[in-house]
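To keep things clear, I will list the structure first and then write my remarks on it.
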Amino acid sequence: MPVCDNAATVVSGFNNVPPPVRGVVRDLRIRWALEEIGRDYRMELFDAMTPRSDEYREWQPFAQVPAFDDGEIRMFESGAILLYLGEQDPRLLPIASATRWQAITWLFAGMNSVEPHVLQINAIDIFHVGEEWAAQARPGAVKLAEKKLAVVEKALADRDWLAGPFTIADILMVTVLRCLDHTDMIAAFPALAAYKARAEARPAFRRALTEQLEAYSAPAGE
Ligand SMILES: N[C@@H](CCC(=O)N[C@@H](CS)C(=O)NCC(=O)O)C(=O)O
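Numbering (our numbering) for the sequence shown: 11 to 232.
Put into structure tokens, the structure is as follows:
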């Protein structure tokens with residue numbers, strides 16, 4: 011079980027978040043990658059509602075999670091941390107140049123081309139729910155997000171994973187797609203839905219998700 015109290019690798023996360031965002035907080039990406047390679051890690055958990063300390067801001071200047079420290083490198087930004095871990099293990103990022111760059115390309119596509127649109131829908135549905143501007147903006151935001159989802163759907167027509175083998179690009183993309191779980195948007199894209207289900211069935215993902223949800227000490231609804 012890679013979560014281990016005296017592990018040298020430390021990841022930051024939250025010990026409580028509101029129910030709508032449980033299972034999508036980005037430390038999941040790093041937990042999942044570490045579970046895939048069987049690397050021990052421990053979590054440094056913060057209360058999401060309490061301002062982070064100046065000391066934490068030295069680790070993660072935006073005061074967000076995740077941040078990462080393996081005793082060699084202290085870093086932040088989930089995509090960068092995934093790349094760092096990928097560089098250390100070909101199960102996350104293959105060595106062969108063409109596949110490696112395909113994976114890096116899709117990692118950036120997940121972060122830059124898909125995630126902003128998914129986050130817009132999250133903002134509308136979760137953080138600004140009930141606000142007039144949000145209701146007005148929603149149809150346009152859905153349309154734009156669907157355009158991006160259609161591209162990923164097409165890419166997955168003839169392969170199980172974005173770069174061929176499973177890579178950090180899939181960890182990134184699937185954790186982005188999970189932010190739409192409160193909608194029926196993914197169901198309209200059969201290859202995407204199958205891809206997401208395939209990824210979420212991986213034992214490493216199940217372990218990472220279980221660990222993340224168990225860290226949220228307060229019962230849902232509080
Ligand atoms: N681009 C950053 C985004 C990090 C981020 O948005 N973290 C959220 C949780 S998923 C957070 O810490 N939110 C609380 C806050 O902003 O105070 C990454 O990918 O690591």
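Ideal Cβ placement from N, Cα and C applies to all residues, glycine included.
- Excluding sequence positions up to five before and after Asn-16, its CB lies within less than 8 Å of the CB of Arg-52, all in the same chain and listed in chain order.
- Closest in C-alpha terms to Pro-213, from the list His-127, Ala-165, Val-152, Gly-48, comes Gly-48.
- Given a length threshold of 3 residues, each whole run of the beta strand (DSSP E) inside the stretch 60 to 136 is given here in chain order: 77 to 79, 84 to 86.
- Where Val-20 is concerned, the enclosing beta strand (DSSP E) starts and stops at 20 to 26.
- Excluding the 5 residues flanking it on each side, Ala-151 has same chain C-beta neighbours closer than 8 Å at His-127, Gln-130, Ile-131, Ile-134, in chain order.
- Take Ala-173, set aside five residues on each side of it, and the residues of its chain with a beta-carbon closer than 7 Å to its own are Thr-109, Gln-112, Ala-113, Trp-116, Ala-179, in chain order.
- Of the residues Ala-207, Met-195, Thr-177, the one whose Cα lies closest to the Cα of Arg-39 is Thr-177.
- When secondary structure is reduced to three states using DSSP, Phe-56 falls in the strand class.
- Apart from the 5 residues on each side of it in sequence, Ala-58 sits with its Cβ closer than 7 Å to the Cβ of Phe-24, Asn-26, Val-27 in its chain, given in chain order.
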